[in-house]
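Down below is the structure, laid out as structure tokens.
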Amino acid sequence: SVPSLASPDDFLQCLRDKIPSELLYTQSSSSFAGVLVSSIRSARFFTNTTVRPLCVVRPTDASHVQAAVLCGRTQGVRLRVRSGGHDYEGLSYRSVRPEVFGVVDLADLRAVSVNQSETTAWVDSGATIGELYYTIAKDNSQLAFPAGLCPTIGVGGHFSGGAIGMMMRKYGLAVDNVLDAKLVNANGDLLDRAGMGEDLFWAIRGGGGGSFGIVLSWKVQLVQVPPTVTMFNIVRTLDQGAVDIVTRWQDVGPSLPNDLTIRVIVQGQQALFQALYLGTCSSLVATMGDQFPELAMTSADCQSMTWLQSIAFISFWNRDTPVEVLLSRTTSLSTFTKSKSDYVQSAISKGVWKNIFSWFTMNGAGLIILEPHGGFMGSVPTDATPYPHRSGVLYNVQYMVFWQGDGGTAANTWLGNLYDFMGQYVSKNPRQAYVNYRDLDIGQNVVVDDATTFDSAKVWGEQYFTSNFQRLAAVKAAVDPTDYFRNEQSIPPLVQGR
Ligand code: FDA
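As structure tokens, then:
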């Protein structure tokens with residue numbers, strides 16, 4: 038087990054002995070800050086008071102990851118693992134409380150290899166989903182993969198939490214399409230699906246990152262898309278009936294044909310309806326006329342393109358954006374953000390929506406994104422993967438605020454108040470949340486006798502995983518009983534009597 042007193046110097050020496058020196062960045066190295074910040078996505082976690090790691094290791098081979106785990110175990114230093122660095126609470130590279138820890142940054146383990154005849158691919162955790170999509174579709178416009186929207190998200194953290202996106206109503210989450218995986222466990226062993234067993238393979242497909250080991254790569258089933266897909270972005274203001282249309286969308290969005298996903302972004306006094314349809318413009322116009330006439334969509338709204346172009350289009354809003362932009366890993370660090378999430382199981386009334394829109398005139402207001410479920414998602418049993426938000430869920434709500442510099446008070450007050458207000462209209466007992474929209478406000482672990490207590494973790498754990506939480510904790514006890522892979526919201530080992 039991890040000695041209770043960490044030996045940072047011995048840990049660094051152990052790493053120096055086992056890993057090429059150019060892959061190890063300690064705090065005294067001139068490149069340390071640059072490497073640390075390279076994939077940080079929220080300026081909130083790169084300030085003078087942020088608790089930073091002792092070192093960053095950038096492995097180029099699985100054996101380096103195994104060595105880092107063994108050094109950490111023997112010298113009592115915990116590791117945090119980072120793939121794309123998009124964690125909403127920065128848990129892949131910072132600690133909330135003072136702690137000595139190292140970061141294993143997988144950015145250089147990012148190969149994607151597609152097997153065209155099997156229509157499968159192996160993708161390393163350090164790849165971004167933009168790199169994954171590009172590699173799958175650049176030579177075959179009819180192959181695709183269902184995961185999230187923002188191309189710079191890392192595969193490792195994203196798949197670890199499930200991964201929702203514009204094709205989940207047809208093909209499910211990314212993890213519904215994972216066939217195999219390679220993971221380094223808390224003993225430093227490198228295991229594939231057969232080696233890790235079905236319980237651990239279940240847990241890593243949605244149980245949240247950072248709890249069970251370091252997943253190095255994933256074998257995925259690719260999916261079919263037509264050579265051209267159709268998209269639209271339609272804005273409706275309050276004057277154009279946004280309240281009525283959003284109210285109606287709640288019933289329509291989750292019950293449309295599986296080939297059609299319409300998500301909604303509410304910001305200011307308007308709603309943006311953003312659609313991906315795996316079919317032609319004429320059949321989309323017919324479906325919309327039949328099922329959602331309130332939106333008054335016409336053929337003039339259609340944008341036809343390849344699926345790969347649709348990924349760039351949805352992120353950059355410009356259909357002339359070259360698809361190579363999906364390979365870029367750079368983002369700006371100027372913005373501070375905070376998010377929260379909910380799931381809605383019964384449609385919210387028109388009167389309440391009128392009220393919700395009035396929140397978007399207030400000081401500090403951000404935006405909300407509504408992601409429809411239903412379709413294939415509704416047919417998957419709750420316990421098929423750790424992601425429990427399946428049958429009966431109409432849509433996910435993500436609340437987001439943005440600010441610059443020290444100006445976060447109004448934004449965060451607005452966010453907290455709106456979240457409190459929404460409590461009466463969303464899922465209850467427990468109120469549900471999405472682990473990939475990580476939110477430390479809903480609870481943080483308490484450590485007693487050097488292990489996370491089940492009761493403290495249950496508070497947030499049942500919101501992310503409902504009835505799957507207990508099974509996750511049992512898997513954790515079997516594979517990491519001493520709670521080596523631990524953070525503020527890691528799965529606790531369910532040990533009898535604790
Ligand atoms: P990061 O590297 O920060 O890791 C996240 C967590 O997983 C950390 O706890 C980390 O330790 C752990 N982890 C990372 N790599 C691991 C590995 N190899 N093995 C084990 N644990 C690992 N989500 C979604 O479902 N659909 C969407 O469309 C979007 N869109 C979106 C846009 C933007 C701009 C952001 C910032 C985020 C999203 N997300 C999202 C949320 C996203 O899925 C979530 O933040 C992922 O955990 C990010 O994965 P990264 O690897 O980038 O994060």
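So the number in the working numbering is just where the residue sits in the sequence shown, counting from 1, plus 37.
Idealized CB from N, CA, C, for every residue including glycine.
As the structure is a prediction and not an experimental result, all values here were calculated from the model.
Assign Val18 to one of three DSSP states: helix, strand, or coil. This structure cannot speak to residue 18, because the chain is shown only from 38 to 535.
Bridge partners - Ala312, DSSP secondary structure assignment: DSSP output for Ala312 lists Phe269, Ile299 as bridge partner(s).
Could you name the residues of the same chain whose beta carbon sits closer than 6 Å to that of Val362, not counting the 5 residues immediately before and after it, in chain order? Non-local C-beta neighbours of Val362 in its own chain, meaning closer than 6 Å and more than five positions away in sequence, comprise Ala349, ordered along the chain.
The stretch 215–232 / the stretch 253–262 touching (three or more Cβ pairs under 8 Å): In the pairwise beta carbon analysis, the stretch 215–232 is classified as touching the stretch 253–262: at least three pairs are separated by under 8 Å.
Beta-carbon separation of Val93 and Leu477 under 8 Å? Not a contact, by the Cβ cut-off of 8 Å.
Ordered along the chain, which non-local residues of its own chain (more than five positions away) have a Cβ less than 8 Å from that of Ser371? Hits under 8 Å: Ala80, Gln441.
Compute the distance between the beta-carbons of Val301 and Phe394, then report whether it is under 8 Å. No, the Cβ-Cβ distance between Val301 and Phe394 is not below 8 Å.
For the beta strand (DSSP E) containing Ile251, name the first residue and the last one. DSSP places Ile251 inside the beta strand (DSSP E), whose first and last residues are 251–258.
Quick check on the burial criterion: 16 or more other C-beta atoms within 10 angstroms. Buried or exposed for Ser386? The residue in question, Ser386, is exposed, as its Cβ has fewer than 16 Cβ neighbours within 10 Å.
Contact check, Val114 vs Phe138 under 8 Å by CB: the rounded distance? In this structure, Val114 and Phe138 form a Cβ contact; the two beta carbons are roughly 6 Å apart against a cut-off of 8 Å.
Buried versus exposed, by CB contacts within 10 Å (16 or more), Gln140: Note that residue 140 is Val in the sequence shown, not Gln. Burial call: buried.
Determine the direct distance from the alpha carbon of Ala144 to that of Ile528, and round the result to whole angstroms. Rounded to the nearest angstrom, the two C-alpha atoms are 24 Å apart.
Inter-residue spacing [alpha-carbon to alpha-carbon] between Tyr380 and Val72: Going by the C-alpha atoms only, they are around 36 Å apart.
So does Asn392 have its beta carbon nearer than 7 Å to some heavy atom of the ligand FDA? No, the Cβ of Asn392 stays beyond 7 Å of every heavy atom of the ligand FDA.
Let me confirm a value: Gly326 is counted as buried when at least 16 other C-beta atoms fall within 10 Å, else exposed. Which label applies? By the Cβ neighbour-count rule, Gly326 is exposed, with fewer than 16 other Cβ atoms within 10 Å of its own.
For Trp159, the residue or residues it bridges with in DSSP: Partner(s): Ser150, Lys256.
Below 8 Å between beta carbons: does that hold for Cys51 and Gln103? Taking 8 Å as the Cβ cut-off, Cys51 and Gln103 do not qualify as a contacting pair.
Considering only DSSP beta bridges, list what Asp338 is partnered with. In DSSP, Asp338 forms no bridge with anything.
Just to confirm, is the Cβ distance from Ile173 to Ile190 under 8 Å? Their beta carbons are not under 8 Å apart, which means Ile173 does not touch Ile190 by this criterion.
Give me, in chain order, the residues of the same chain whose beta-carbon lies closer than 6 Å to that of Lys391; leave out the 5 immediate sequence neighbours on both sides. Shown here for Lys391: same chain residues with a beta carbon closer than 6 Å to its own, the five before and five after excluded, namely Val280 in chain order.
Just tell me which of Pro530, Arg475, Arg468, Gly444 has its CA closest to the CA of Val538. Residue 538 lies beyond the residue range present for the chain, which begins at 38 and ends at 535; the question has no answer from this structure.
Judging by CA-CA distance, which residue of Arg117, Thr450, Val430, Val483 is the nearest neighbour of Tyr471? Measuring C-alpha to C-alpha distances from Tyr471 to each of Arg117, Thr450, Val430, Val483 identifies Val430 as the nearest.
Quick check: what's the CA-CA separation for Ile351 versus Ile271? Those two C-alpha atoms are separated by around 13 Å.
Determine whether the beta carbon atoms of Pro90 and Tyr130 lie at a separation below 8 Å. Yes, Cβ-Cβ distance for Pro90 and Tyr130 is below 8 Å.
The ligand FDA heavy atom lying under 7 Å from the CB of Asp124: Because some heavy atom of the ligand FDA lies under 7 Å away, the Cβ of Asp124 counts as near it: yes.
Would you list the residues sitting across from Ile489 in a DSSP beta bridge? Checking the displayed sequence, the identity of residue 489 turns out to be Thr instead of Ile. Note: Thr489 sits in a beta bridge opposite Val484.
Since Asn454 and Val438 are thought to touch, with beta carbons under 8 Å apart, how far apart are those beta carbons, to the nearest angstrom? Your pair Asn454 and Val438 does not check out as a contact, with CB atoms roughly 11 Å apart and the cut at 8 Å.
Is Phe269 closer than 8 Å to Asp338 when the C-beta atoms are compared? Taking 8 Å as the Cβ cut-off, Asp338 and Phe269 qualify as a contacting pair.
Among the residues of its own chain, which have a CB less than 7 Å from the CB of Pro425, if the five just before and after it don't count? Counting only Cβ-Cβ distances below 7 Å, and skipping sequence neighbours, we find Thr419, Phe502, Thr503, Ser504, Asn505.
With 16 other CB atoms within 10 Å as the buried threshold, where does Lys465 fall? So Lys465 ends up on the exposed side.
When you compare the CB positions of Tyr432 and Glu408, do they come within less than 8 Å of one another, or not? Tyr432 is a Cβ neighbour of Glu408, given a cutoff of 8 Å.
Less than 7 Å between the CB of His195 and some heavy atom of the ligand ZN, yes or no? The ligand ZN is not part of the structure shown, which contains the ligand FDA as its ligands.
Less than 7 Å between the CB of Ser129 and some heavy atom of the ligand FDA, yes or no? Remark: the shortest separation between the CB of Ser129 and any heavy atom of the ligand FDA falls under 7 Å.
Of the listed residues Ser58, Phe413, Gln304, Arg78, nearest to Phe397 (C-alpha basis): Among Ser58, Phe413, Gln304, Arg78, the Cα nearest to that of Phe397 is on Gln304.
So within the stretch 55–116, which uninterrupted beta strand (DSSP E) runs reach at least 3 residues, ignoring any that extend past its ends? With a minimum length of 3 residues, the continuous beta strand (DSSP E) runs that stay inside the stretch 55–116 are 61–63, 92–94.
Spell out a yes or no on whether the stretch 191–207 and the stretch 239–250 are touching, meaning 3 or more CB-CB pairs, one atom from each, closer than 8 Å. These segments touch.
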